[in-house]
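Here is the structure we will look at, set down as structure tokens.
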């Protein structure tokens, strides 16, 4: 039950479902230390999958996602270890629901949506953002002990943080307030703005331009199109 925006991939005995936004795509390249910059015709989600497949220990998954900024949720099965990894971004901006097996309903489910009030039997809850969750499927071999074995096979990997994992955990909020004697700004032109504010404004415009460029640079031409336009913008105005 994955909605639009999901990236599915499967190779051999491993597979991954990955939900993310364009705000995360810009930073996915930072996780690909062994690859050059991702080209317009390449798939960033596939490269993350390649990194996932290459891990030899669970902590490596935490290190990979610790370099990704933006909303995401993923489920990754590694065939070689028979482990299932799943998590959301630290702020929980992408939905991922879990139903843990119980004696009444001994079923394990992961989903991005539920049926709401009509789905009470499955007892879905939002997956915590405290860490990366791992389920060792190799230990779940006896159906009659599934509920007990599930809880002993279900572990949480701490999120990696530090200089090389800048997005592993939520950053501390800067609680300092600007001084009361800030200079008055008479306009938004380069002459009127103080140097720090001018630098910040130029950096913001640069990031906005780059964000748009990454979205439109590799749009394919529609077959049989009647013009050269590749992008249409629809504005919805609400009072």
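Numbering (the working numbering), first residue to last: 74 to 312. Ideal Cβ positions, reconstructed from N, Cα and C, are used throughout, including at glycine. Every value quoted in this text rests on a predicted model; they were computed, and no experiment measured them.
Bridge partner(s) assigned by DSSP for residue i
| i | result |
| --- | --- |
| residue 134 | The partner list for residue 134 (beta bridge, DSSP) is empty, contrary to what the question assumes. |
| residue 238 | 235 |
| residue 198 | 171 |
| residue 182 | 172 |
| residue 227 | 208 |
Reduced DSSP secondary structure (H/G/I, E/B, other) of residue i
| i | result |
| --- | --- |
| residue 232 | coil |
| residue 207 | strand |
| residue 266 | coil |
| residue 172 | strand |
| residue 295 | coil |
| residue 127 | helix |
| residue 302 | coil |
| residue 141 | coil |
| residue 188 | coil |
| residue 219 | helix |
| residue 122 | helix |
| residue 285 | helix |
| residue 272 | helix |
| residue 253 | coil |
| residue 109 | Bear in mind that a pLDDT of 46 at residue 109, under 50, signals an unreliable position, so the number given afterwards is only what the model happens to contain. Residue 109: coil per DSSP, three-state reduction. |
| residue 259 | coil |
Cβ of residue i within 7 Å of any chain D Cβ
| i | result |
| --- | --- |
| residue 272 | Protein chain content of the structure displayed is limited to a single chain, and chain D is not contained in it. |
Assumed close pair residue i, residue j - CB separation to whole angstroms, cut-off 8 Å
| i | j | result |
| --- | --- | --- |
| residue 199 | residue 165 | 7 Å |
| residue 174 | residue 122 | Residue 174 to residue 122, Cβ: 28 Å. No contact. |
| residue 203 | residue 155 | Not really, about 24 Å apart at Cβ, beyond 8 Å. |
| residue 183 | residue 148 | 6 Å |
| residue 207 | residue 158 | 6 Å |
| residue 135 | residue 241 | 7 Å |
| residue 205 | residue 128 | Not a contact, Cβ separation roughly 11 Å. |
| residue 322 | residue 304 | Lying before the first or after the last residue shown, residue 322 is absent from the chain, which here runs from 74 to 312. |
| residue 272 | residue 265 | At roughly 14 Å, the Cβ-Cβ gap does not stay under 8 Å, so residue 272 and residue 265 are not in contact. |
Test item: CB-CB of residue i and residue j under 7 Å
| i | j | result |
| --- | --- | --- |
| residue 313 | residue 187 | Nothing can be reported for residue 313: it is not among the residues displayed for the chain, which extend from 74 to 312. |
| residue 170 | residue 161 | no |
| residue 230 | residue 131 | yes |
Cβ-heavy atom distance, residue i to the ligand NAD, below 6 Å
| i | result |
| --- | --- |
| residue 255 | This structure does not include the ligand NAD; it has no bound ligands of any sort. |
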